[in-house]
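The sequence shown begins at 39 in the numbering used here and counts up by one.
Glycine included, every Cβ here is placed at the ideal spot set by N, Cα and C.
Take a look at the structure below.
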Amino acid sequence: ATILVASLAITSVSPVVSAQISQPDIIQEHWYHSYATLTLDVNAWADDHPEIVKLLVVGQTELGRNLWMLQISDWSQEAKPDGSAKEVVYIDGGHHGNEHLGTELAFLVAEFYIEGWAAGEKSAIDVLTTTELHILIMLNADGNDFDTRWNVNQVDLNRNYDHYWNTCPTTQPGSSAFSESETLANSVYMNEVVPHADLYVTMHTGVWIMLYPWGKWPEQPSDWEMYHHIRDEVNSNISDIPIRNANQGLYPNCGTSRDYGYGVMGFPTFTFETDDEQFLLGSVEAISDRLGEELGVMHYLIENVWYWRARLVVDSLTFDGSQAELSISNLGRASTTNATLVYVDEDGSEHVPWISIDGGLCSLDSQFNYSLQGCGFQVNATNTTRVNFDFGDIELSGNGKFQLHYQKRVIDSSMWVTEDVPGNMVISGIIASGGDIFSDDIRFLFLFLVILMALNAAWRGRRNLDNQIKSEVFSAEANFSSSENVRIFDTRAGIRDLFMRPSFHEPVVDGVRAIAVLWVLLFHAWFFHNPEWTSGHEIPWYESVFENPMFLWLVQGGLGVDMFFVISGFLIGAILLKEINRSDGLNMRRFYARRFLRLVPVYLVAMMAAVYFLEGHNVENAWANILYLNNFLSIDDQFMGWCWSLAIEEQFYLVAPLFLLIMRKSESFLQWSVFLLVLGWALRIFALEINELPVYWDLMDLGSETWVGRFDHTYDNFYTRYGGLLIGVIAAWIHVNRKEDVKEFYGSNRLRPILLSFTALILFLFATFLEQRHLTESHYTIRLTWYAIERDLFGLSLAILIMSALHSKDLIAGGLRRLLSSRALYPVAQLSYSAYLMHEMIMIWMFPKSTEFLIVTIGLGPNITFVVNIVFAIALTLISASVLYVTVERPCMRFRKHPFMSQIDGTSDSVDSLRGNRVSTLGAIDAEIASS
């Protein structure tokens, strides 16, 4: 009571202010809390709820006002019900006296849990049973009552902390770090009362944003994984409040409590800038919708505080003699980088085994300093790893125990913890196989050998290639040679096939295929520069590409897959239709045997490579890839997640023959095809609505629940993506069954073809450059309609352009034909399948290592690193694809002419009948189809 009376007395007289400081009269009519009203409220809480509220005075302002600290928890229990220590959350508000909403948000957080406990609300009871909340609602009480940013000494308290104090362009940082009584008291409380806090949030008012470290640097903090996880969860499920690095999200700032809390104390820290357009009329009970969102974010941070650190759990510790393998999981959302395993014998002496580190061994002893860098192992957030140890001469007795020593987070200042390994996790026996089979050095060697193989193959074929090119004419015998002369493995022939376009290949189709794969490669080379794959380094050009209208075509690179679908539907549809017309049926054995040899062998080789390059991630689900069912799994669970498109194509191969057989004599083929296209639009809308997903799919929101939901339910399913394949089949039907009509259309009138080409080109560009984010202000029906038809409109315009380039002589079609017929595109087209298989595994494996090396070791700028990464990734992709093409793809395609295959598919007579026929008697597309 004495403290309360004294505190109120301070506010009842005019404060003594230094003569050099001009301050306004104290504001008594206040929409928000004054120091006096806050003092009454917090003391009332302490009096009414002593079982959960402790009220402390932890210091005083420069004018002698008390700094009230609320300690809120179920104080009848010192620990959690399971006996473990409670998590600790530290919140402060009111660094800047005139940022009243920050103060009010801190007050409302305290009120929610205190009043919620009193009302028996489960969410409040659950938190206070397991967590301690330490809340200093008003740090700058003097500035609050004078309604000014600074304290009475005109010092900006949030520039007065001892973390790079006074090293940024700033104002009023004080005469020295912690020169002010308010900031000194705050830091003392952090260091002496809550040094092990698992969350620190400091409340401010201004631009609506949440800021994490650093304020001084634009680089991401060491624990970027944790911050990005929180960002993604909040933005997906609670609020669209921006959450960013403080330096880039606001402006450079130093000496802040946020950076002090993270850089010095090791806490996960946020600056919560509440919306300065909010206001509370009359009382704090009139909460705006925006403030309600902010409270929701705070509830999420507090209720999930258990996850804001590394949480190592031993799955097994298996011994084989003196060798041991530790399998360990991290349940937390933060990584740890220098953990170690320690054996404590029955006398209490600690022994640290030899540990494998990056291919070498680190020698440790009983005097090991647990903060020593470089001699521990890393466990990434929400991940599992295996570590091998050599206990050497360390004697293990039955009365000893094993312990884990590790830091809660990656930041150097984070606290160390020591946890016992449960005895039932220690197993004697043969060490389990698994883990990282190939080290990084071996993977680099693998790529080096791939390059050597490519160069060797090129050299072997070089001497005779020129003469062969000049002298050989690709006759029918070269493509439908007698089975007796088939050479399966022919390196020089493979190289020749890679660079020389045979006469029966249609350049237009090759050109489209090449552009499709290059588009996909460039798109993913940009996409995988998300900090998730660059070791946390932010690349300015990564975000600039997304924002720059000139690069919309790159951001829309997913349409490259739709180009593949249209081509595939066209070629495969033509194969099936020609056979149906010829025999009124289909040789399904032959069709699937040829598809198997074309697709599966090289796919299996790529899957083996992916085991190494993806470090075994989701390899347990490789069975789904083998069965082409991988798109039935969530993208989070898929092995080689980019191969969902192959599954869709294979599923198309199962449906298309049946559809074409049923429709072979129908006059309503086009009507039924249009019906199926419209049905596809309806299915896309249904998939979106039934799963309550947004129309706009934000590519930058990588890994969030919404992002994964959009991918799983609308992006990689056959029933939402068959449109491009069907459009290709329609084009094939017109090409095969309406050939005379096509010739008449393109040959009888010059105006109609050019109008059609022009319209198709406009639609193609329109579908390429109009992205959903440009329609965010449009009516929901418009956005939903565009989402439903966008890809099919793109595919339809592409199919028309292909047909025009093949048949029309108009100006647009002619220019397009010359572009697509470029000789430079032909090798890329030949490599498209293998390049698609290899590119993502190379980028996912390469970018984290190359970015770290180029930026940290070499000192290149992030944008130059971006360019170097892209060039090398695409080069390595094409080199590895070349090796696969020459050594796997072409031999398997030549094997289709082997006598063994003709016996399997029952076409030996057909093969013989082709002997001697020249391909020149066929149309270009028809010949290409026959050899597909």
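Beta-carbon separation (whole angstroms), residue i vs residue j, contact threshold 8 Å
i, j, result
"Glu220", "Gly212", "10 Å between Cβ atoms; not a contact."
"Gly135", "Gly181", "2 Å"
"His575", "Thr167", "That belief does not hold up - the Cβ atoms of His575 and Thr167 are roughly 41 Å apart, past 8 Å."
"Ser295", "Thr208", "Incorrect: roughly 14 Å between the Cβ atoms, too far for contact."
"Ala648", "Met678", "5 Å"
"Asn755", "Asn659", "Actually they are not in contact, since the Cβ atoms of Asn755 and Asn659 sit about 17 Å apart, beyond 8 Å."
"Tyr345", "Arg371", "5 Å"
"Leu143", "Glu332", "6 Å"
"Thr814", "Tyr734", "6 Å"
"Asp548", "Leu922", "No, Asp548 and Leu922 are not in contact; Cβ-Cβ is about 18 Å, not under 8 Å."
"Phe305", "Tyr238", "4 Å"
Distance, residue j Cα to residue i Cα
i, j, result
"Ser365", "Trp680", "29 Å"
"Asn204", "Gly253", "12 Å"
"Val95", "Val232", "15 Å"
"Asp200", "Tyr298", "7 Å"
"Pro62", "Leu222", "Residue confidence is low: Pro62 scores 35 on pLDDT, short of 50, so the model does not pin down where it sits. No coordinate-derived value is stated."
"Ala552", "Tyr760", "21 Å"
"Cys1017", "Val272", "No answer is possible for residue 1017: it lies beyond the span of the chain, which begins at 39 and ends at 970."
"Leu799", "Ile340", "54 Å"
"Ala867", "Pro695", "26 Å"
"Trp255", "Phe565", "24 Å"
"Leu692", "Ser920", "29 Å"
"Thr419", "Asn376", "Residue identity differs from the one stated: residue 419 is Ala in this sequence, not Thr. Looking at the two C-alpha atoms, the distance is approximately 13 Å."
"Leu803", "Pro732", "25 Å"
"Leu78", "Ile152", "15 Å"
"Asn586", "Trp579", "10 Å"
"Gln441", "Asp431", "18 Å"
"Arg628", "Ile673", "33 Å"
"Val448", "Gln416", "9 Å"
"Lys935", "Val352", "55 Å"
"Ser859", "Ser541", "13 Å"
"Phe651", "Ile882", "8 Å"
"Val80", "Phe145", "9 Å"
"Arg702", "Gly611", "12 Å"
"Lys777", "Leu715", "23 Å"
"Trp106", "Gly154", "21 Å"
"Ala843", "Val546", "7 Å"
"Leu235", "Ala563", "Here the sequence assigns Ala to residue 235, which means Leu is not the residue at that position. One C-alpha to the other measures close to 39 Å."
"Glu730", "Ala215", "51 Å"
"Ser872", "Val640", "7 Å"
"Thr744", "Asp450", "33 Å"
"His567", "Gly244", "31 Å"
Per DSSP, cross-strand counterpart(s) of residue i
i, result
"Arg103", "In DSSP, Arg103 forms no bridge with anything."
"Ile110", "Val91 and Leu171"
"Trp824", "DSSP, once it has assigned bridges, lists no residue as partnering Trp824."
"Glu457", "Leu442"
"Gln810", "Partner(s): none; Gln810 has no beta bridge."
"Leu24", "The chain is shown from 39 up to 970; residue 24 falls before or after that span and cannot be answered."
"Phe308", "Val239"
"Ile982", "Shown here, the chain extends from 39 to 970; a query on residue 982 therefore has no answer."
"Leu379", "Leu442"
"His389", "Tyr381"
"Ile129", "Ile173 and Val239"
Below-8 Å beta-carbon distance, residue i vs any chain B residue
i, result
"Glu142", "Absent from the structure is chain B; it holds one protein chain and no more."
Touching by the beta-carbon criterion (3+ pairs, under 8 Å), the region 167–180 and the region 107–127:
yes
Could I get the ranges of all uninterrupted beta strand (DSSP E) runs contained in the region 332–366, with 3 residues as the minimum, in chain order?
350–358
Count Cβ pairs between the region 605–612 and the region 758–772 that sit closer than 8 Å; are there 3 or more?
yes
Ignoring anything shorter than 4 residues, give me the alpha helix (DSSP H) runs that lie fully in the region 698–755, in order along the chain.
Runs of the alpha helix (DSSP H) inside the region 698–755: 707–728 and 743–748.
Segments of 4+ residues assigned as alpha helix (DSSP H) that fall wholly inside the region 608–693:
626–651 and 660–664
Three-pair Cβ contact test at 8 Å for the region 779–797 versus the region 841–852:
yes
Is there contact between the region 267–283 and the region 422–439, where contact requires at least three CB pairs shorter than 8 Å?
no
Complete runs of the beta strand (DSSP E) confined to the region 205–279 [at least 3 residues]:
Counting only runs of 3 or more residues that sit fully inside the region 205–279, the beta strand (DSSP E) segments are 237–244 and 247–250, in chain order.
Taking 8 Å as the threshold, find out whether the region 867–882 comes into contact with the region 544–561 through three or more Cβ pairs.
yes
What runs of the alpha helix (DSSP H), each 4 residues or longer, lie entirely inside the region 558–615?
578–585 and 590–593, all fully within the region 558–615.
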